[in-house]
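Undergrad:
Residue numbers (this note's numbering), protein chains in the order written: chain A, 2 to 129; chain B, 881 to 1265.
If you want it as structure tokens, here you go:
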């Protein structure tokens, strides 16, 4: 499968593999490319509602059987909702990273450097 | 295609066809997982898994003094292995550090097969060749041949392994399969693609389950490994067999409390620290490489001990993380993962001997957050027999 097939066309992406939707507040999550590289996710650590997150800075971590990765916030703003379902069942990240496994809803003040689906996929093809 | 600096195995095309994710391991281009590594792990515990282990080394040691030579080169008494049996042993340096841990099979009175780890095969070969002449100038009448490139190795592991093997071997080999004991090896014939395939079948593994390892010659028949894999996969589908990558292999061996060289063993780690003092034949052998250093370590007691650690959560302690007692560093984690079978994190760690007793409460520094772990008996997981 090429990178573009693993990218949801409705979202924009950070270079660190987080996606952002266009809603307000915006939902953010992890791309399938990131999730596939991790393997089976067993633990997700997320900030609480009310926390301020900053674009490009660590806002949580995700742990798989084989490794731990930090989650970088793609936007600056205030967390208004945390997806408890994914904290309770981290395997959702493997099965539905663009849907049920959204991580945070953020009241966005400003965005970091975000890539279009095509730009993000192209960057991944290059990295391979 | 594998990257230029990683060697493909005779089964790389098969793994690509199965959609594997690959990684470099010990210089080889190996399947890490095919789908979910946890599902692969569970299949081995509950049914069966098939692994490509062609990255492992195969070194043939033959000649009238092969047994005596291995007694000198390794820490165990390999000359005492019965024909058709195997033994786990260590290749140590003069300081007692472990160059490699390996399994030695005795195929005939003067014919041994030594299986080193992939990354250590060049070092193991060099040490074995050097040791054909002893420190006192004795020269062993022995021939050492590297058969790694000529040999593919496939493992079938799990409670369903024997039934799968019985489905693929020639009827005349069936009894040999059923009779084969743990740590034993025999020749069998596999029926593959309308032809016959000679296989050396060992009842060994690295998963904590019953299982087999199949050595097949790819020198005389370059497609022998693919034919063997395909016939096993086909027969295995009725028994829940799934292809498994190195991720599952690592979590399975960790649950079984088995050491991985580069983590629990290295040239800086002695067998007594790693809990493997029992394989060092100080009593029955007068001369072998590393004997003096190992005798001294046994006499004085090791400075650290390998222990099992378990927590109540899935948050894993990873290699290199610090083990704490009341906030003071007392050791270091060498391997760790959330255990798919047990549902909580498990780890192997070296700790100071006074903290090594089962039941001791310790913490592991998980990226700045000390988290409770408890010393437990190894293995973490043991199958019902």
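Where is the CB? At the ideal position from N, CA and C, for every residue including glycine.
Between residue 995 of chain B and residue 936 of chain B, how many whole angstroms is the CB-CB distance? I'm expecting something under 8 Å.
TA: At roughly 6 Å, the Cβ-Cβ gap stays under 8 Å, so residue 995 of chain B and residue 936 of chain B are in contact.
Undergrad: Below 6 Å, is the gap between the Cβ of residue 961 of chain B and the nearest heavy atom of the ligand FAD?
TA: Absence of the ligand FAD from the depicted structure is noted, as is the absence of any ligand whatsoever, leaving it without description.
Undergrad: Taking any Cβ of chain B, which residues in the region 57 to 84 of chain A have a Cβ under 7 Å from it, in chain order?
TA: Those residues of the region 57 to 84 of chain A that come within reach of chain B (Cβ to Cβ, closer than 7 Å) are 64, 66, 67, 69.
Undergrad: Any C-beta of chain A sitting closer than 7 Å to the C-beta of residue 1218 of chain B?
TA: Chain A contact via Cβ: present.
Undergrad: Could you tell me whether the Cβ of residue 114 of chain A comes closer than 7 Å to any Cβ of chain B?
TA: It does not: the Cβ of residue 114 of chain A has no partner Cβ on chain B nearer than 7 Å.
Undergrad: Classify residue 1036 of chain B as buried or exposed, calling it buried when 16 or more other Cβ atoms lie within 10 Å of its own Cβ.
TA: With 16 or more other Cβ atoms within 10 Å, it is buried.
Undergrad: Tell me where the alpha helix (DSSP H) around residue 918 of chain B begins and ends.
TA: From DSSP, the alpha helix (DSSP H) with residue 918 of chain B extends over 917 to 926.
Undergrad: Below 9 Å between beta carbons is the criterion; list the residues of the region 14 to 44 of chain A that meet it against any residue of chain C, in chain order.
TA: Within the model displayed, chain C is absent; protein chains A and B are what it includes.
Undergrad: For the structure I just gave you, are there three or more beta carbon pairs, one from the region 1069 to 1089 of chain B and one from the region 1030 to 1049 of chain B, closer than 8 Å?
TA: As far as the Cβ criterion goes, the region 1069 to 1089 of chain B touches the region 1030 to 1049 of chain B, which means the pair count is three or higher.
Undergrad: Does the beta carbon of residue 1197 of chain B sit closer than 7 Å to a beta carbon anywhere in chain A?
TA: No, residue 1197 of chain B lies away from the interface with chain A (no Cβ there is under 7 Å from its Cβ).
Undergrad: Could you have a look at residue 992 of chain B and say whether DSSP puts it in helix, strand or coil?
TA: Residue 992 of chain B: strand per DSSP, three-state reduction.
Undergrad: Which runs of the alpha helix (DSSP H) spanning at least 4 residues fall entirely within the region 996 to 1028 of chain B, listed in chain order?
TA: The region 996 to 1028 of chain B contains these whole alpha helix (DSSP H) runs: 1001 to 1010.
Undergrad: With a cut-off of 8 Å on the beta carbons, I'd call residue 1077 of chain B and residue 1104 of chain B a contact; round off their distance for me.
TA: Rounded, the Cβ-Cβ distance is 6 Å, consistent with contact.
Undergrad: Nearest to residue 897 of chain B by alpha carbon, out of B:1135, B:1144, B:1106, B:1217?
TA: Ranking B:1135, B:1144, B:1106, B:1217 by Cα distance to residue 897 of chain B puts B:1106 first.
Undergrad: When burial is assigned at 16 or more other CB atoms within 10 Å of the CB, is residue 145 of chain A buried or exposed?
TA: What the structure shows of chain A is the stretch from 2 to 129, and residue 145 of chain A is not part of that stretch, so it cannot be assessed.
Undergrad: With 16 other CB atoms within 10 Å as the buried threshold, where does residue 1115 of chain B fall?
TA: So residue 1115 of chain B counts as buried.
Undergrad: In angstroms with no decimal places, state the Cα-to-Cα distance between residue 838 of chain B and residue 1093 of chain B.
TA: This structure cannot settle anything about residue 838 of chain B, because the visible part of chain B is limited to 881 through 1265.
Undergrad: Check whether the region 1166 to 1175 of chain B and the region 967 to 976 of chain B are in contact - that is, three or more C-beta pairs closer than 8 Å.
TA: Touching, yes.
Undergrad: Is the CB-CB distance between residue 8 of chain A and residue 75 of chain A below 7 Å?
TA: Going by C-beta atoms, residue 8 of chain A is not nearer than 7 Å to residue 75 of chain A.
Undergrad: When the Cα atoms are used, what is the spatial distance from residue 1193 of chain B to residue 1145 of chain B?
TA: Those two C-alpha atoms are separated by around 27 Å.
Undergrad: Under a Cβ-count criterion, where at least 16 other Cβ atoms within 10 Å of its own Cβ denotes burial, should residue 976 of chain B be classed as buried or exposed?
TA: Classification of residue 976 of chain B: buried, given that the 10 Å Cβ count is 16 or more.
Undergrad: Does the count of Cβ pairs from the region 933 to 951 of chain B and the region 979 to 995 of chain B closer than 8 Å reach three?
TA: Yes: at least three Cβ pairs fall under 8 Å.
Undergrad: Measure the C-alpha to C-alpha separation of residue 1098 of chain B and residue 1110 of chain B and round it to an integer number of angstroms.
TA: In a straight line, the C-alpha of residue 1098 of chain B is about 15 Å away from that of residue 1110 of chain B.
Undergrad: Can you find a C-beta in chain A that's less than 7 Å from the C-beta of residue 1122 of chain B?
TA: For residue 1122 of chain B, the answer is no, since every Cβ of chain A falls outside 7 Å of its Cβ.
Undergrad: My output table needs one value for residue 1163 of chain B: the three-state DSSP class, helix, strand or coil.
TA: Coil, per DSSP.
Undergrad: Could you check whether the Cβ of residue 917 of chain B sits closer than 7 Å to any Cβ belonging to chain A?
TA: So yes, residue 917 of chain B belongs to the interface.
Undergrad: In this structure, what does DSSP give as the bridge partners for residue 1252 of chain B?
TA: Its beta-bridge partners are B:1243.
Undergrad: Just the chain A side, please: which residues come within less than 7 Å of residue 1194 of chain B by C-beta, in chain order?
TA: Ordered by position in chain A, the residues that pass the 7 Å Cβ test against residue 1194 of chain B are 43, 44.
Undergrad: CA-CA distance, residue 48 of chain A and residue 1197 of chain B?
TA: Those two C-alpha atoms are separated by around 21 Å.
Undergrad: Could you tell me whether the Cβ of residue 1054 of chain B comes closer than 7 Å to any Cβ of chain A?
TA: So, not an interface residue.
Undergrad: Residue 965 of chain B lies in the alpha helix (DSSP H); which residues open and close that run?
TA: Where residue 965 of chain B is concerned, there is no enclosing alpha helix (DSSP H), given that its DSSP letter is neither H nor E.
Undergrad: Can you list, in chain order, the residues of its chain with a C-beta nearer than 8 Å to that of residue 999 of chain B? Leave out the 5 residues immediately preceding and following it.
TA: Taken in chain order, the residues that qualify are 905, 906, 907, 1141, 1142.
Undergrad: State yes or no: is the beta carbon of residue 1131 of chain B nearer than 7 Å to at least one beta carbon in chain A?
TA: By this cut-off, residue 1131 of chain B is an interface position.
Undergrad: When you compare the CB positions of residue 1007 of chain B and residue 979 of chain B, do they come within less than 7 Å of one another, or not?
TA: Yes, the Cβ-Cβ distance between residue 1007 of chain B and residue 979 of chain B is below 7 Å.
Undergrad: Would you identify the three-state DSSP class for residue 10 of chain A, choosing helix, strand or coil?
TA: Of the three classes helix, strand and coil, the one that applies to residue 10 of chain A here is coil, per DSSP.
Undergrad: Between the region 93 to 110 of chain A and chain B, which residues of the former have CB atoms less than 8 Å from a CB of the latter, in chain order?
TA: For the region 93 to 110 of chain A, which is checked against every Cβ of chain B, the residues closer than 8 Å are 95.
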